[in-house]
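Following: one structure in structure tokens, then a few remarks.
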């Protein structure tokens, strides 16, 4: 039985604060889910996820070639991005 984690990695720059990187678990998928089933859930999460650093910005969501999703500021406005990906938990 696999446990899958959907994680969010936010990166950005702020003029006075420098750059930041924050990784957090967005959702834990318990149960007997295959990787393909977990990827379907990742897509659902990506369609609705708005990272804290992009709350006041228009965003777009795109899928990368590795299956992860990027949440980016629309039209290149803003100084932050967020990568959502699926990982398998191997230790509790």
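Residue numbers (this note's numbering): 541 to 632. The beta-carbon is built from N, C-alpha and C at its ideal position, and this holds for glycine as well. Everything numeric in this text was worked out from a predicted model, so none of it was measured.
Residue range of the alpha helix (DSSP H) that includes residue i
i: residue 579; result: 575-588
Beta-carbon gap between residue i and residue j smaller than 7 Å
i: residue 565; j: residue 545; result: yes
i: residue 551; j: residue 621; result: yes
i: residue 563; j: residue 591; result: no
i: residue 570; j: residue 543; result: yes
i: residue 619; j: residue 553; result: yes
Boundaries (first-last residue) of the beta strand (DSSP E) holding residue i
i: residue 602; result: 599-603
i: residue 625; result: 620-629
i: residue 594; result: From DSSP, residue 594 is part of no beta strand (DSSP E); its letter is neither H nor E.
i: residue 632; result: From DSSP, residue 632 is part of no beta strand (DSSP E); its letter is neither H nor E.
Neighbourhood of residue i by C-beta distance below 6 Å, restricted to the same chain and skipping five residues each side
i: residue 587; result: none
i: residue 582; result: 546, 626
i: residue 593; result: 550, 552, 620
Exposed unless 16 or more other CB atoms sit within 10 angstroms - verdict on residue i
i: residue 599; result: buried
i: residue 623; result: buried
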